[in-house]
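Right, one structure below, let's go through it.
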Amino acid sequence: MDIFDFSDGREGYYGEYGGVFLPEILHSTIEELLACFRECKADPKFWKDYVTLLQNYSGRPTPITHLENLSRQLGGAQIYVKRDDLNHTGSHKVNNVMGQGLLCQRLGKRRVIAETGAGQHGFATATMAAKFGYDCRIYMGAVDVARQRPNVFWMENLGAEVIAVEDGQKTLKDAVNEAMRDWVTNMADTHYILGTACGPHPFPEMVSWFQSIIGIEAREQMLKQVGRLPDRVYACVGGGSNAMGIFQGFFDDDNIELIGCEAGGHGVGSYMHSARLAYDDASVGVAQGYKTYFLQNDQGNMNETHSVAAGLDYIGINPIFSYLWEQGKVRFEAATDSEVKEALKLTMRTEGLIPALESTHGFVTAIKEAPSMRKDEIILINQSGRGDKDIFTIADALDDSKWKSFIGGKADQYRSEPD
Amino acid sequence: MGLQAYIEKRKKDKELLVMAHVVCGYPSFSDNMKELEIMSATGVDIVELQFPFSEPSADGPLFVKANEESLKSGTTVDQCFDFMKQVSERFSFKVLMMGYYNTAFRMGEELFVKRIKEAGGSGYILPDLPVEESSNLHAISEREGIEPIILMTPTSSDKRLAKLGEASRGMVYAVARKGVTGSKTNMSDDVIQLVKRCRQHTSVPIGVGFGISSKADMDFLRGSADLAIVGTAALKIWEESREDGLTKFFEELMA
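Residue numbers (numbering that gives the first Met the number 0), protein chains in the order written: chain E, 0 to 418; chain B, 0 to 254.
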């Protein structure tokens, strides 16, 4: 199936979702971007350069790891993990960013901007900008800046300017708005490196295309290493870029079940979550340049969202998933904050792996379902990011008292130093 | 009287009309009413009532804050339509709905247009709704006699302007520069050129907006545009010096 083979007059639409809903001033910029993207996608050399860049710079292909201990303990399906956490900068975000960095060269623009939630996309963008020599500005909600200082530290040291956004909920969606405001002002020399498969066309298609490298590799690796394809594939879904990435490797296999795992936050009925499709609270709307399911009220204003994982804490889901969900092609489940903490502890202790809080949402659902599957069945989880660099958030989430006293001691030390 | 006929009639007495703006419910509906009284008394010709939205990505900092504060104080779409009705009954200027497309999408396009009509509005400005996505809404509007205000911009190609011109009804909103609402625009030949280009593609009156804040801007636009659109500058004045400041501001602008 090729979801990107649009019918006449429906370019950028997946069923009734997607499209371009932007101020008129950006129309020519989007046309320019679309034309450049079409040229890149049609050029085999572009993809070859992209793969080579990721091999040499980011350590691709990332491996597949068999979680033998965890599989044995759960007593059901064999669990394998695609290790996109082993990328340079620690997550799959670098795939999209390096791709858009190459595309930006063809666009001839020398300044890049990006929004970021957890900071992983901002970190990856700052890294790319340093390598390619672009000026770089990252927009990040003030709440996220406060909870993700290590990423902000790296972005700034990589030469990017980080702007803490004080509007709205001061999280990812507000960072997107602020990046849009920059773009409508500076589009002549600036490319907006959108971090997920959301936003106006062609971003959902473009980001999915760059992330498809995860699924292409995973499919080959499963066949070569395990001798067959998985029965179920799990991935966390915020905007949905890592899930789109790995799922694309298995779209044509009707007997492989694809499961998107959203942020259940405080759970069903709490209204403090980011589960657009797994819970019943979202409805179709138009915001931030595209049409999809949003967590919004009956007036069309966005609701507050929540997740322990900043990278999943977002109002909308990529329009491709709204369509695939409706078609029954992807199943959606949610993992709550407390389930995520338990799954993270279990994964660390049994396997020595530290998935990012975002990626751990995929583990939660897989861990729930594995015991009821047969031992010869196979699960593949996308570990889209690593958790060790989120030590502050994870230590908070695990309420680690020794960590707290260490930080207290550090704080005392800084306070006693002369200015 | 339709918007175009109204503008043309008003233009017989003055060369450059003024369109002003309030964000519904910010600082409060009663403050809005006071602002509108001043606008009416000083001769403002058209007023945009902005329905607050949680993601106002085309607006600058002051309107972002106004949208956010208004929603925080509980402003609803129903209240905005009720207010529009009061305003259109009380004042002789024309009233437009301004907002983001999701407000219309959520209630349904049919109902959206009917409610504007019932509230005495003449049209609407939805800056995030491109013409490609507007055919159904425009058809309903045509039937109901409500005008969709099209935006033309300095980055629009001639081909694009032709397409926008075809869809234009009532008036066109020419965006004076790149960027969001509220920053200063350096009024230069570029703006005059933009209005000229727009006129080649539409026969409806043209208002110029984004960054208009002074009598000098008005003088500059006179003879070129049909309307000057004043948004952020008026809200800024209201925040600083309330009735006295706003009265003086519009009196000077109209002088």
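Idealized CB from N, CA, C, for every residue including glycine.
Bear in mind the structure is a predicted one, so any value in this text is a computation, not a measurement.
Asked	Found
First through last residue of the alpha helix (DSSP H) which encompasses Asn68 (chain E)	Glu67 to Leu73
Close Cβ partners of Gly214 (chain E) (< 7 Å) along its chain, the five nearest in sequence each way excluded	Gly244, Ile245, Phe246, Gln247, Gly248 and Phe249
Between the CA atoms of Ser207 (chain E) and Val93 (chain E) - distance to the nearest angstrom	13 Å
Within chain E, partners of Asp44 (chain B) - CB distance below 8 Å	Going along chain E, no residue has its Cβ under 8 Å from Asp44 (chain B), so there is no contact; the nearest lies around 23 Å.
Among B:Gly120, B:Ser167 and B:Val112, the one whose alpha carbon lies nearest that of Pro129 (chain B)	B:Ser167
Ser53 (chain B) - DSSP class collapsed to helix/strand/coil	coil
Cβ shell of Gly118 (chain E) (< 6 Å), same chain only, five flanking positions each side left out	Gln147 and Asn150
As assigned by DSSP and simplified to three states, the class of Ala262 (chain E)	strand
Proximity test, Cβ basis, 8 Å: Ile162 (chain E) and chain C	Structure shown: chain C not included; protein chains present are E and B.
Top-ranked residue by Cα proximity to Tyr138 (chain E), from E:Asp181, E:Leu69 and E:Cys235	E:Asp181
Residue-chain proximity (Ala269 (chain B), chain E), Cβ-Cβ < 8 Å	In the structure as shown, chain B starts at 0 and stops at 254, and residue 269 (chain B) therefore has no counterpart that could be examined.
Simplified DSSP assignment, three categories, for Arg82 (chain E)	coil
3-residue-minimum beta strand (DSSP E) runs that sit fully inside the segment 171 to 232 of chain E, ordered along the chain	189 to 191
Runs of beta strand (DSSP E) wholly within the segment 368 to 414 of chain E (minimum 3 residues, chain order)	377 to 381
Per-residue contacts from Phe104 (chain B) into chain E (C-beta, under 9 Å)	Val283, Gly284, Val285, Lys290 and Gly299
Backbone secondary structure at Lys290 (chain E) - three-state DSSP	strand
Alpha-carbon spacing of Ser6 (chain E) relative to Glu108 (chain B), whole angstroms	25 Å
Nearest-angstrom beta carbon gap, Leu2 (chain B) and Gly169 (chain B) [assumed within contact, 8 Å]	3 Å
Within 9 Å of chain E by C-beta, residues of the segment 126 to 148 of chain B in sequence order	Pro126, Asp127, Leu128, Pro129, Val130, Glu131 and Glu132
The segment 290 to 303 of chain E contacting the segment 262 to 281 of chain E, beta-carbon criterion three pairs below 8 Å	yes
Residue closest to Glu31 (chain E), alpha-carbon to alpha-carbon, out of E:Met97, E:Ala141, E:Arg105 and E:Lys169	E:Arg105
Per-residue burial, Tyr413 (chain E) [other beta carbons within 10 Å of its own, 16 or more giving buried]	exposed
Beta-carbon contacts of His87 (chain E) that lie in its chain and below 8 Å, excluding the five residues immediately before and after	Tyr56, Ser57, Gly58, Val93 and Thr126
Segment contact flag, the segment 221 to 239 of chain E with the segment 362 to 379 of chain E, C-beta cutoff 8 Å, min 3 pairs	yes
Cβ-based burial, Ile390 (chain E) [other Cβ within 10 Å; buried from 16]	exposed
Proximal residues of chain E, C-beta to C-beta of Thr154 (chain B) below 9 Å	Glu23, Ile24, Leu25, His26, Ser27, Thr28, Met186 and Ala187
Against chain B: residues of the segment 109 to 140 of chain E by CB proximity under 8 Å	none
Straight-line Cα distance separating Asp44 (chain B) from Ile314 (chain E)	39 Å
Residues near Thr154 (chain B) by beta carbon distance below 6 Å, same chain, minus five either side	none
Gly194 (chain E): contacting residues in chain B (beta-carbon distance under 9 Å)	The contacting residues do not exist; Gly194 (chain E) stays about 16 Å from chain B at best.
Three-state secondary structure (DSSP) of Ile314 (chain E)	coil
Residues bridged to Ile63 (chain E) (per DSSP)	E:Lys81
Cβ neighbours of Gly158 (chain E) in the same chain (closer than 6 Å, five flanking residues each side left out)	Ala129
Collapsed DSSP secondary structure at Met301 (chain E) in the structure displayed	strand
Partners in chain B for Arg180 (chain E), counting only beta-carbon separations shorter than 7 Å	Ser56 and Val179
Residues that Glu67 (chain B) contacts on chain E, provided the C-beta gap is smaller than 7 Å	Asp166 and Gly167
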